[in-house]
Each structure stands twice: as structure tokens, then as C-alpha cells.
Ligand code: GDP
Ligand code: MG
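In the UniProt record's numbering, the protein residues as written are 30 to 189.
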């Protein structure tokens, strides 16, 4: 399986970012993608998906005993999501910084949650929180043939 493949480190680090159903409804897809492109990350996978309950349960398995879990399942099923994989140096941590805090009220202006939402139950975006979760989530949402290998032509201007 995918998470056994080594090498997703350094400039090849990958993270799963998903614009949640509220983000899609609120037409934030272009704005969010623009931020990742502008930062210098490379898009390696992208799709619009209506997530199944089974997929969502696996995705949020760690939160299964939380009181908000049922609400979270229904929130994430309310419409399609735009799910993507971004690649680059320290992309997992940097993406989390770009997202802002779990609770939008604690998110600084300039972050995605700090700019576009107000409530934790409608926080518009997901980003993997560690290498382990990124690898797990990418293999959950994407088949290996959906992850594209290509060369960023601006790479030498982004990395020295
Ligand atoms: P994240 O990694 O910042 O997305 O946060 P978590 O992994 O802790 O939680 C996953 C998602 O569950 C969050 O993005 C929220 O959509 C939702 N969530 C987390 N905590 C709460 C909560 O206290 N109430 C509600 N309604 N949703 C929550
Ligand atoms: Mg999380």
C-alpha cells in the first residue's frame, strides 16, 4: 500500500488539503488553491468528491468518540469537497499554519480560517497534521494513479 512507499520527505513532502462542503458552497476553492500555488507548492492531485460515510469514518477515525463526531460526519457529507495533495518542503506544517487554528476564533487574520470563517463546525478546510496522517489520508482519498509526478518549472526559483 501507498504509505509504505518511502521518500515523501524534504521537497517531496506531501499533505492532503480538502476544501470542506461549506468552503465549496462559499466559492472559496479558487482563493484557497491560489494561496497554495502562490506559496510555491506543487499540486500533485485534485478532485471534487462527495465523500461516503465509510471514507469519512476512516478519515476521522481518531475522533470517533468525540461528542461532535456525528455532527462532523453530517457536515462533511453535506456536499462535494475539493480534495487535493500539495507537495513541497515542510508542506505539512506550512499548510497547517496557512489554515489557522482548529477554532476560527483563535485563527489570525491572514490565515484561511482567520479570513473566511467563524465557527469550528464550519471551518471550511482540512489539512493533514503530521507525516503519518498525511500518508494515511492521501492513500485513503487517492489511488496511486491519481498522484501525478511532474516538474515544477519554477522549482529552481523556489528552492536553492
Ligand atoms: P483540525 O485538524 O484543525 O481540522 O481539527 P481536529 O482534527 O481536531 O478536528 C477535525 C474537525 O472536526 C475540525 O476541523 C472541525 O471541523 C471538527 N471539530 C473539531 N472540534 C470540534 C468541536 O469542538 N465542535 C465541532 N462542532 N466540530 C469540531
Ligand atoms: Mg485534524
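C-beta: ideal position from N, C-alpha, C; glycine also.
Minimum Cβ-Cβ distance from residue i to chain B less than 7 Å
i, result
"residue 117", "Of the chains in the structure shown, none is chain B; there is only one protein chain."
Residue i, enclosing beta strand (DSSP E) - first and last residue
i, result
"residue 155", "154–156"
"residue 44", "43–48"
Residue closest to residue i, alpha-carbon to alpha-carbon, out of the options
i, options, result
"residue 166", "100, 80, 182", "80"
"residue 83", "57, 188, 127, 105", "105"
"residue 151", "64, 60, 131", "131"
"residue 101", "123, 128, 42, 50", "50"
"residue 157", "59, 180, 129", "129"
Buried or exposed (CB count within 10 angstroms, at least 16 for buried), residue i
i, result
"residue 38", "exposed"
"residue 161", "exposed"
"residue 183", "exposed"
"residue 76", "exposed"
"residue 178", "exposed"
Element boundaries [alpha helix (DSSP H), containing residue i]
i, result
"residue 66", "58–68"
"residue 128", "120–128"
Whether or not the region 78–95 and the region 126–136 are in contact is what I'm after, with contact meaning three or more pairs of Cβ atoms, one per stretch, closer than 8 Å; do they touch?
no
Tell me whether the region 104–124 and the region 45–55 touch, counting them as touching only if at least three CB pairs, one residue from each stretch, are closer than 8 Å.
yes
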